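The sequence shown runs 56 to 376 under our numbering. C-beta: ideal position from N, C-alpha, C; glycine also. Everything numeric in this text was worked out from a predicted model, so none of it was measured. Heads up: the structure comes next, in structure tokens.
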Amino acid sequence: MIRAVITGSGSALPSNCVTNAELAKRVDTSDEWIVERTGIRQRYIANESETTSTLAIEASRKALEDAGVDASEIGLIILATATPDHTFPATATQVQQALGCRGGVAFDVAAVCSGFLYALGTADSLLRTGMAKKALVIGAETFSRILDWEDRTTCVLFGDGAGAVVLEAQDVAEDGPGILATRLHADGEHKELLYVDGGPSTTGEVGKLRMKGREVFRHAVVNLAEVLGEVLDDAGVPAEAIDWVVPHQANQRILDATARKLGLDSEKVVVTVDRHANTSAASVPLAFDVARKDGRIKSGDLVMFEAMGGGFTWGASLARV
56 MIRAVITGSG SALPSNCVTN AELAKRVDTS DEWIVERTGI RQRYIANESE TTSTLAIEAS
116 RKALEDAGVD ASEIGLIILA TATPDHTFPA TATQVQQALG CRGGVAFDVA AVCSGFLYAL
176 GTADSLLRTG MAKKALVIGA ETFSRILDWE DRTTCVLFGD GAGAVVLEAQ DVAEDGPGIL
236 ATRLHADGEH KELLYVDGGP STTGEVGKLR MKGREVFRHA VVNLAEVLGE VLDDAGVPAE
296 AIDWVVPHQA NQRILDATAR KLGLDSEKVV VTVDRHANTS AASVPLAFDV ARKDGRIKSG
356 DLVMFEAMGG GFTWGASLAR V
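Have a look at this one:
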């Protein structure tokens with residue numbers, strides 16, 4: 056059977072690391088307050104020369120090198136972001152041009168923190184139908200550009216970064232590698248709980264992020280537990296067979312509550328929220344790359360990806376790597 060197989064990964068972070076203590080000098084907060092409520096200890100903030108595209112390009116180059124793939128072999132680039140360099144063209148086309156893989160398909164996906172899952176599911180479908188043989192799937196964000204730095208309830212939660220994976224369509228055995236199942240969802244009813252108060256066709260300005268954290272937390276735990284169950288059912292895999300869960304890194308409490316709801320061992324959950332904070336669409340591929348490079352995730356492991364973001368959007372995907 057033809058499956059989309061992850062053959063490489065890469066990530067990129069801005070040069071400027073900001074600790075909670077440093078943030079407390081400009082915002083009415085403290086290290087203790089942030090750690091207790093979120094698990095976050097630091098985040099990376101892009102400088103003027105660092106953009107969503109520059110971070111995406113760096114992560115993509117590392118992923119290509121890891122996969123041993125030349126950029127000219129890439130026929131599909133899908134970049135998940137809520138913070139594109141421009142309203143248009145798509146930031147994916149800037150990545151395409153910089154890498155030198157012109158002529159293929161390149162576009163952005165806007166599903167906020169679930170963006171990488173949406174991009175992964177889309178790339179999986181296109182590879183299996185023959186649209187391309189090899190793809191780059193990227194999550195990249197500069198969320199610091201849309202934060203209200205006077206709002207201590209939101210600005211302490213987010214950071215900037217990028218992660219990328221190389222996918223290749225391969226003919227594999229049933230127990231071979233590749234993406235096994237994906238489920239994606241959206242519900243626009245709860246838009247006012249997590250949104251940006253601006254846009255080209257409304258205010259004509261970028262706007263700032265607004266969030267009602269308590270309500271988002273409640274929906275996240277329920278939605279993520281349900282979609283993980285759906286993917287396990289689709290793949291015919293019991294929860295105890297999962298080697299690693301790579302979740303969206305929003306809040307340590309959400310990670311813990313979701314694991315408990317599914318009866319998953321917390322030691323199987325990859326956690327990077329303490330060092331990266333919430334990097335939106337970048338958080339899942341960033342965490343995956345960290346766990347691959349430090350040796351935790353190994354060839355043959357069953358890995359569950361999951362995320363929920365503004366919209367609401369949410370999804371999960373199970374892959375054997």
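The beta carbon of Thr74 sits closer than 8 Å to the beta carbons of Asp86, Arg96, Gln97 from its chain, once the five residues preceding and following it are set aside; these are given in chain order.
Residue state for Asp140 is assigned as coil, using DSSP reduced to three classes. By the neighbour-count definition (other C-beta atoms within 10 Å, threshold 16), Lys117 is a buried residue.
For the stretch 148-196, the continuous alpha helix (DSSP H) assignments of 4+ residues that do not extend past its boundaries occur at 170-183, in sequence order. Contact between the stretch 284-296 and the stretch 248-257 is absent: fewer than three C-beta pairs spanning the two stretches fall below 8 Å. Between Ala219 and Pro144 the beta-carbon gap is near 19 Å, outside 8 Å, which marks them as no contact. The C-alpha of Val211 is placed about 30 Å away from the C-alpha of Phe162. Look at the beta carbons and you see the stretch 255-270 not touching the stretch 230-240: under three pairs across the two are nearer than 8 Å.
In the three-state reduction of the DSSP assignment, Gln307 falls in the helix class, which pools H, G and I. Counting of Cβ neighbours within 10 angstroms places Met359 among the buried residues, the total reaching 16 or more. Contact annotation, Phe272 with Arg308: C-beta distance approximately 7 Å; criterion of less than 8 Å satisfied. Per the DSSP secondary-structure output, Cys72 pairs in a beta bridge with Tyr99.
The stretch 251-309 is shown to contain whole beta strand (DSSP E) runs of 3 or more residues at 264-266, 299-302, in chain order.
Take Ser354, set aside five residues on each side of it, and the residues of its chain with a beta-carbon closer than 7 Å to its own are Val376, in chain order. Ranking Phe198, Val292, Val276 by CA distance to the CA of Ala236 puts Val292 first. Distance from the CA atom of Ala332 to the CA atom of Ala305, rounded to whole angstroms, is 7 Å. DSSP places Ile89 within a helical segment (H, G or I) once states are collapsed to three.
Residue pairing by DSSP places Ile234 opposite Ala374 in a beta bridge. With 16 or more neighbouring CB atoms inside 10 Å of its own CB, Asp344 falls in the buried class. The beta carbon of Val326 is closer than 8 Å to those of Gly94, Gln304, Gln307, Leu310, Ala342 in its chain, skipping five residues each way along the sequence. The Cβ atoms of Ala336 and Gly123 do not sit closer than 8 Å to each other.
At a Cβ-Cβ threshold of 8 Å, Leu134 and Leu181 do not count as neighbours. The C-beta separation of Lys189 from Val221 comes to about 7 Å, placing the pair in contact by the 8 Å criterion. In the DSSP assignment, Ile133 falls within the beta strand (DSSP E) that extends over 131-135. About 33 Å separates the beta carbons of Trp88 and His240, which is beyond the 8 Å limit, so they are not a contact pair. Across the set Asp329, Ser127, Arg58, the C-alpha of Ser127 shows the shortest separation from the C-alpha of Gln152. Under the three-state reduction of DSSP output, Asp215 falls in the strand class.
The shortest C-alpha to C-alpha distance from Leu175 to any of Ile193, Gly159, Val167, Cys168 is the one to Ile193. Here the stretch 193-204 does not lie against the stretch 312-328, with fewer than 3 beta-carbon pairs under 8 Å apart. Per DSSP, the continuous beta strand (DSSP E) segment holding Ser64 begins and ends at 57-67.
Distance from the CA atom of Gly185 to the CA atom of Val300, rounded to whole angstroms, is 29 Å.
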